[in-house]
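Following the numbering used here, the numbering of the sequence shown begins with 37 at its first residue and continues without gaps.
For every residue, glycine included, the Cβ atom is placed at its ideal position computed from N, Cα and C.
Below: one structure, written as structure tokens.
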Amino acid sequence: MRFSPNLRRIAAIHDLSGVGRTSLLAVIPILSTMGFNVCPLPTAILSNHSQYPDFSFLDLTDEMPKIIRQWAQLGVRFDAIYTGYMGSPRQIEIVGGFIDDFRRPETLIVIDPVLGDNGHLYSKMTEEMVCNMRLLAKRADVLTPNLTEAFALLDREYQPECTTQQIKDLIAELSELGPDTVIITGVPVSGQSGLTSVIARSKSDMRTWKVTCPYLPAHYPGTGDTFTSVITGSLLQGDSLPIALDRAVQFILQGIRATFGYQMDSRDGILLERVLPILNMPIQSASYELV
Ligand code: PXL
């Protein structure tokens, strides 16, 4: 009898930033801990993420087609393709082609349209990057913008105060671009500055889910990457959408709680190393609601 390890494989298309616990430095540990074989296709190498005032930046656009060609020759198959921070507009087109060539009917395509936060685009994110990201988003099964990115993808002016109905309308419009499931993160809860929420809906299900959690007054880069990594692993493990939302929100909250008590430079991100083992524990209590 031959046993197979049955490890599932995820192509992770993000930058590698040495300091700050963003992108691949969150994606790889989280999805490895959740039991997946992560294959990085790096988009750029940075000394540290771009929310520090200075950083070095090596654009890997020219290297990516070579890596992809080699993977095609090896006949590598992926159970999921998960994309995040892109380094150039042409790179986004290359990634679109990679998805078209490597996706099989059962491959989960997760696109985190990393463009900005708190109403502003990150440095290096131009209008052309936003346009190309909009085209890439069409290929997603699961799209996970924060509120800033949701407005940017729809070419609308950022509006931080939204009613639940306005968020539902944003989700519907983003779904029309193509994705089956849209999850909007970092949605303020109106009238309650101590709370934040994520709201999500799948086209194939009429229900809209909301998970609310306490908002701690600190900004940690990389929490979006951490969130979408847990969502990807959880959905691949067979969780329902609301359970995946709960797992991701609770994990971020535990990470922030593990970090907040120290007087650390918040640009270093959350103390991921302290909380990774939680990913293999059963979910403590689900708090999702229908809205
Ligand atoms: O966490 C998103 C992200 C990813 N990669 C780089 C970034 C950021 C956010 O600042 O700068 C390089």
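Self-check item: Beta-bridge pairing of S53 - partner residues as DSSP gives them
Solution: L82.
Quiz prompt | Per DSSP, cross-strand counterpart(s) of P224 | solution = T232.
Quiz item: Just to confirm, does V150 get its C-beta within under 7 Å of one of the non-hydrogen atoms of the ligand FMN?
Solution: No copy of the ligand FMN occurs in the structure displayed; its ligands are the ligand PXL alone.
Quiz prompt | Integer-rounded CB distance, given that L315 should sit under 8 Å from I66 | solution = 7 Å
Quiz item: Whose C-beta lies closer than 8 Å to the C-beta of E193 among residues of the same chain, with five residues either side of it excluded?
Solution: Cβ neighbours of E193 beyond the five flanking positions: F187.
Exercise. Mark Q201 as exposed unless 16 or more other C-beta atoms lie within 10 angstroms of its C-beta, in which case mark it buried.
Key: exposed
Self-check item: Proximity test, T58 beta-carbon vs the ligand PXL heavy atom, cut-off 7 Å
Solution: yes
Quiz item: Thinking C-alpha only, which one of R303, S238, E185, A208 is nearest T221?
Solution: Closest in alpha carbon position to T221, among R303, S238, E185, A208, is E185.
Quiz item: In angstroms, rounded to a whole number, what distance separates the CA positions of T232 and E197?
Solution: 12 Å
Self-check item: Minimum C-alpha distance to Q228 - residue among D148, T248, E212
Solution: T248
Quiz item: Does the Cβ-Cβ distance between A294 and V266 come in under 8 Å?
Solution: no
Exercise. Measure the C-alpha to C-alpha separation of S270 and A280 and round it to an integer number of angstroms.
Key: 5 Å
Quiz prompt | Beta carbon of A176 nearer than 8 Å to that of L189 | solution = no
Practice problem: Please name the residue, chosen from Q87, T143, T217, W245, that lies closest to F114 on a Cα-to-Cα basis. | Solution: Measuring C-alpha to C-alpha distances from F114 to each of Q87, T143, T217, W245 identifies T143 as the nearest.
Quiz item: Y324 and K246: beta carbons closer than 8 Å?
Solution: yes
Quiz prompt | Candidates D51, G305, P215, L77, of which the one nearest S83 by Cα | solution = D51
Exercise. Kindly examine the ligand PXL and report whether one of its heavy atoms sits closer than 7 Å to the Cβ of D261.
Key: Taking non-hydrogen atoms of the ligand PXL into account, the C-beta of D261 is found less than 7 Å away from one of them.
Quiz prompt | Exposure of R105, with buried meaning 16 or more beta-carbon neighbours within 10 Å | solution = By the 10 Å Cβ count, R105 comes out exposed.
Quiz item: Roughly how many angstroms lie between the CA atoms of D301 and G56, to the nearest whole one?
Solution: Cα-Cα distance, rounded: 10 Å.
Quiz item: Is the beta carbon of S86 within less than 7 Å of some heavy atom of the ligand PXL?
Solution: yes
Quiz item: Do the CB positions of Y121 and T79 come within less than 8 Å of each other?
Solution: yes
Quiz item: When the Cα of R140 is compared with those of V146, L183, E129, A116, which residue comes out closest?
Solution: A116
Self-check item: Buried versus exposed, by CB contacts within 10 Å (16 or more), V150
Solution: buried
Quiz item: Are V346 and D304 touching if we call contact CB-CB under 8 Å?
Solution: Residue 346 falls outside the range modelled here, since the chain spans only 37 to 327, and no answer is possible.
Exercise. Compute the Euclidean distance between the alpha carbons of V146 and I207, then round it to the nearest angstrom.
Key: If I take the Cα positions, the gap works out to 16 Å.
Practice problem: Hey, could you find the ends of the beta strand (DSSP E) N73 is sitting in? | Solution: 73-76
Quiz item: Near H156, which residues of its chain fall below 8 Å by C-beta distance, leaving aside the five closest residues on each side in sequence?
Solution: T184
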